[in-house]
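Number of protein chains: 2
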Amino acid sequence: MGARLPVSIRDVALRAGVSVGTVSNVLNRPDEVSADSVVRVSRAIEELGYVRNDAARKLRAGVSTTVGFVVLDGQNPFYNDVVRGAEDEASRHGIAVLYGNTDEDPARERLYLDLFEEQQVRGVLIAPYGDITARLQKLRARGIATVLVDRFSGDGRFSSVSVDSVVGGRMAVEHLIEAGRRRIAFVGGPFDIRQVNDRLAGARVAAEDSGAHIDLEVVATSAMTVEDGVAAGARILARPRREWPDALFAANDLLALGLLQSLVVEGRMLVPDDIAIIGFDDISFAAAAAVPLSSIRQPSRMIGRTALRIVLEEAADPDSIPRQTVFQPELVVRASTRPR
Amino acid sequence: MGARLPVSIRDVALRAGVSVGTVSNVLNRPDEVSADSVVRVSRAIEELGYVRNDAARKLRAGVSTTVGFVVLDGQNPFYNDVVRGAEDEASRHGIAVLYGNTDEDPARERLYLDLFEEQQVRGVLIAPYGDITARLQKLRARGIATVLVDRFSGDGRFSSVSVDSVVGGRMAVEHLIEAGRRRIAFVGGPFDIRQVNDRLAGARVAAEDSGAHIDLEVVATSAMTVEDGVAAGARILARPRREWPDALFAANDLLALGLLQSLVVEGRMLVPDDIAIIGFDDISFAAAAAVPLSSIRQPSRMIGRTALRIVLEEAADPDSIPRQTVFQPELVVRASTRPR
DNA sequence: GAAAATAGATGAATCGATTCAGGTCCGTTT
DNA sequence: AAACGGACCTGAATCGATTCATCTATTTTC
């Protein structure tokens, strides 16, 4: 067991009785090396407990085996699922995912991008908060591929993988209308997050196209956590009963769960009888809520997998043209919106 | 912005009219360099858009600025919180956290440890699944510090940061007994996970010490997800009514949420009137369940922060003695166990 | 059997930041 | 005025894997 710390490729070469070049070839292109050498080198590696020094490899070859992923909200299971998808795909390529959570803080966003740049990661996946086109352009100038996640790249300058939030918003409200609801409130914010706007826009389309007369009001929140949902619910409960909506469309599931808690537990309201609730994302807790939550499902793992695949392709071919991948969302109906 | 890809420390030196050594000193020990040089080098860095090459730095200095974190279950918000705590502390030290999710798969566990070894991370935090003492010992031989997270290091060979699960288990069941419950079921598994055993052991202690006659049965699950909780709930519901327990202690909150869903939604049981439920971890969704869930809180962020701090200290001083940090859990009472 | 082609191995040069032994300059001491 | 010390700089050597121009041995071709 007396393994000393530094075992370099030179030690392996010495032990196997070959040159360092040969050891490197065994490691990287075993088919260009005689079977005999492969065996001897492999044995030496085994015996010495040699582990490749990634720093040296990266320095010389200029190729990294990590990809960075900057995530907007690490507490949101939706993003965890996306990361998970990216990880799955990455491990298939022998790539590791460096993960940074920005918590909607632009300073942290910058911090992580700087860090990834120093690490010369092969590529960066990012679910951006504000507008960081300029920063990303600099990354690209350094030869680091970049893919936007959960965000459509309007000007087409970067590849992106997202879900059509407008369609999702429309689906949600069409479903509520079909279930007989007429006084609908959209709960979400802040509106400088692109997806929030899109989901509301979709909701408006559905309301207008329905033929029926639909009240669609907006209840703005400052973020999209469970706590914000609880607060929004309290505000709704504070109104005179006649002004209550009969359905809520929450911009994400965390908000929806907060609303559910506030209305059912504190407000003693019946869901879906008094009020229907639908969320967005379909995180795994949506199904597990005591009133199982209807939601607009995003193919979260698929989003992560796809984004990772694209970023690797772009890293391999720097001249590739950015492409926008847009998935369609899917309506998942559970108890919280069952027709009365 | 004609910024060319490779800007090295040499380019900066040239531009600033100093030697590479001076540039390096400005970067690493600015106080040993004249103010004039600092200014000129800083300006050159700015103008050229220079970014340090971490690979070269790591190769020469042998010091990495990343720490690896291998997590048992990336879908569990509890671990996300722990990671979050580690990240917070890390970013304070200019360190990044490489994050790998093993999903209770020993093969993935090995994969990530190999990867971290190649990267020569400064240290490794790990919430281990099985027994990986041997593997960790090898890491240590390579000079990589290691800290166990959420797991007490029985033999004291590694530092660890955990919560006293036995005390937590006792707290949970004492609380149930105080609330008047007598027929208690412990729901959890598999029992080769250390924490599960400990929590059950604590539960047994509470039952025995109570003086009253307490039924304490065990409902075993094969994992600890929401789905497993639902399944366990269904099994309980399938029994004749007289054999139902009047309280459930779930080994974690995911299980508890599943139980809640199964019993309330499908079983039409009233919580806490018919049956009380308490979980473990106090994840943020526990409070947001439609019947807010009582739970045993672990200081998750603090665990992450502490573990990171310790791993950095051990990396700085390889001869330091492993130490066990054990936090005390805390009872959080919500509606799901209110006395009748 | 000589020339040419092929397979395989070699080892010095290289990537970029850090380190450190040695140098320069200038003000202090004695 | 010589010796000394402190403040700063300098630049070659170094880390370890990869690459590639060269070399050697073997096989193929005519």
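Top line first, the protein sequences correspond to chains X and S. Residue numbers for the first sequence follow full-length UniProt numbering, beginning at 1 and rising by one. Residue numbers for the second sequence follow full-length UniProt numbering, beginning at 1 and rising by one. The beta carbon of each residue, even a glycine, is placed where N, CA and C say it ideally should be.
Query raised in the report: When you compare each of X/Leu216, X/Ala212, X/Gly168 and X/Asp319 to X/Pro282 by their alpha carbons, which one comes out closest?
Result: Looking at the sequence provided, one finds Asp at residue 282 of chain X rather than Pro. From the listed residues X/Leu216, X/Ala212, X/Gly168 and X/Asp319, the smallest Cα separation to X/Asp282 is found for X/Gly168.
Report task. Give, in chain order, every residue of the segment 270-300 of chain X whose Cβ lies closer than 7 Å to some Cβ of chain S. Result -> Listed in sequence order: Ser284, Phe285, Ala288, Ala289, Ala290, Val291 and Pro292.
Query raised in the report: The alpha helix (DSSP H) with X/Ala335 in it runs from where to where?
Result: Unbroken run through X/Ala335: none, as it is neither H nor E.
**Report entry** Distance between beta carbons of S/Pro292 and S/Gly180, contact taken as under 8 Å
**Finding:** About 19 Å separates the two Cβ atoms, so there is no contact after all.
Query raised in the report: Got a sec? Which residues, its chain only, sit under 8 Å from S/Asp88 by beta carbon, not counting five neighbours each side?
Result: Taken in chain order, the residues that qualify are Arg301, Gly304 and Arg305.
Requested in this report: Locate the beta strand (DSSP E) running through X/Leu98, then write down its first and last residues.
Outcome: X/Leu98 -> beta strand (DSSP E) spans Ala96 to Asn101.
Query raised in the report: Can you list, in chain order, the residues of its chain whose CB lies under 7 Å from that of X/Ala56, leaving out five sequence neighbours each side?
Result: Counting only Cβ-Cβ distances below 7 Å, and skipping sequence neighbours, we find nothing.
Report task. May I ask you to list, following chain order, the residues of the segment 104-124 of chain S that have a beta carbon less than 8 Å from some beta carbon of chain X? Result -> Result list: Arg108, Leu111, Tyr112, Asp114, Leu115, Glu117, Glu118, Gln119 and Gln120.
Query raised in the report: Would a C-beta distance cut-off of 8 Å place X/Ala288 and S/Gly258 closer than the cut-off?
Result: Yes. Within cutoff.
Report task. Taking all protein chains shown into account, decide if S/Leu98 is buried (16 or more other Cβ within 10 angstroms of its Cβ) or exposed. Result -> By the 10 Å Cβ count, S/Leu98 comes out buried.
Report task. Would you check whether the ligand NAD has a heavy atom nearer than 7 Å to the C-beta of X/Ile95? Result -> The ligand NAD is not part of this structure, which contains no ligands at all.
**Report entry** Sequence-distant residues of its chain with Cβ nearer than 6 Å to residue 357 of chain S (five each side left out)
**Finding:** Absent from the structure is residue 357 of chain S, since the part of chain S shown begins at 1 and ends at 340.
Query - Alpha carbon of X/Gly68 to alpha carbon of X/Val121, nearest angstrom - result: In a straight line, the C-alpha of X/Gly68 is about 6 Å away from that of X/Val121.
Report task. State yes or no: is the beta carbon of X/Arg338 nearer than 8 Å to at least one beta carbon in chain S? Result -> It does not; no Cβ of chain S falls within 8 Å.
Query raised in the report: Is it right to say residue 346 of chain X is buried, meaning 16 or more other beta carbons lie within 10 angstroms of its own, or is it exposed?
Result: It is not possible to answer for residue 346 of chain X, since the shown part of chain X is limited to 1 through 340.
Report task. Would you list the one or two residues that DSSP bridges to S/Thr66? Result -> The partner list for S/Thr66 (beta bridge, DSSP) reads S/Ala96.
Query - Cβ neighbours of S/Ile45 in the same chain (closer than 6 Å, five flanking residues each side left out) - result: Only residues of its own chain outside the window of five on either side were considered, and among them Val12 have a CB closer than 6 Å to the CB of S/Ile45, listed in chain order.
Query - Inter-residue Cα distance where the pair is S/Arg92 and X/Leu111 - result: Taking the CA atoms as reference points, S/Arg92 sits about 11 Å from X/Leu111.
Requested in this report: Determine, using beta carbons only, whether X/Ala3 comes closer than 8 Å to chain S.
Outcome: Because the pLDDT at X/Ala3 is just 40, under 50, the model does not fix this residue reliably, and the point stays unresolved.
Query raised in the report: Just checking my contact of X/Ala86 with X/Leu308 at CB under 8 Å: how many whole Å lie between their CB atoms?
Result: Confirmed, about 4 Å.
**Report entry** C-alpha gap between X/Val332 and X/Phe249, whole angstroms
**Finding:** Looking at the backbone, the Cα of X/Val332 and that of X/Phe249 are separated by about 13 Å.
Query raised in the report: With a CB to CB cut of under 6 Å and the five nearest residues on each side skipped, what residues in its chain are close to X/Ser262?
Result: For X/Ser262, where only same-chain residues beyond five positions count, the Cβ hits under 6 Å are Val230, Gly233 and Ala234.
Query raised in the report: With C-beta atoms as the reference, is X/Val70 less than 8 Å away from X/Ile126?
Result: Yes.
Query raised in the report: Using 8 Å as the limit for Cβ to Cβ distance, is X/Glu87 near chain S?
Result: Taking Cβ atoms only, chain S reaches closer than 8 Å to X/Glu87, which makes this a yes.
Requested in this report: In the DSSP assignment, find the unbroken alpha helix (DSSP H) run with X/Val205 in it and report its ends.
Outcome: X/Val205 -> alpha helix (DSSP H) spans Arg194 to Asp209.
Requested in this report: Classify X/Asp11 as helix, strand or coil using the three-state DSSP reduction.
Outcome: X/Asp11 falls in the helix class under three-state DSSP.
Query raised in the report: Any C-beta of chain X sitting closer than 8 Å to the C-beta of S/Asn28?
Result: Put simply, the CB of S/Asn28 is far from chain X, with every gap to its CB atoms at 8 Å or more.
Query - Inter-residue spacing [alpha-carbon to alpha-carbon] between X/Leu72 and X/Pro128 - result: About 6 Å.
Query raised in the report: Does any CB atom of chain S fall closer than 8 Å to the CB of X/Ala96?
Result: At a cut-off of 8 Å between beta-carbon atoms, X/Ala96 makes contact with chain S.
Query raised in the report: Between X/Gly202 and the rest of its own chain, which residues show a CB-CB distance below 8 Å, the 5 nearest in sequence each way excluded?
Result: Residues of the same chain with a CB within less than 8 Å of the CB of X/Gly202, apart from the 5 flanking positions on each side, are Ser165, Val166, Val167, Gly168, Gly169, Arg170, Met171, Ala172 and Val173 in chain order.
Query - CA nearest to the CA of residue 360 of chain S, picked from S/Leu27, S/Asn25, S/Tyr50 and S/Asp31 - result: Absent from the structure is residue 360 of chain S, since the part of chain S shown begins at 1 and ends at 340.
**Report entry** chain S contact residues for X/Val265, given Cβ-Cβ distances below 8 Å
**Finding:** Contacts between X/Val265 and chain S, judged by CB atoms closer than 8 Å, involve Ala290, Val291, Pro292 and Ala335 in chain order.
Query raised in the report: Starting from X/Ile310 and walking both ways along the beta strand (DSSP E), at which residues does that stretch end?
Result: Counting along the chain, X/Ile310 falls outside any beta strand (DSSP E), though it belongs to the alpha helix (DSSP H) covering Ser300 to Ala316.
Report task. Look at the Cβ atom of X/Phe285, then the Cβ atom of X/Pro77, and state whether they are nearer than 8 Å. Result -> Remark: C-beta atoms of X/Phe285 and X/Pro77 approach each other more closely than 8 Å.
Report task. Tell whether a beta-carbon distance below 8 Å holds between X/Arg182 and X/Ala212. Result -> Result yes, Cβ atoms of X/Arg182 and X/Ala212 sit closer than 8 Å.
Query - Alpha-carbon to alpha-carbon, S/Ala107 and X/Val124 - result: X/Val124 and S/Ala107: Cα-Cα distance of roughly 26 Å.
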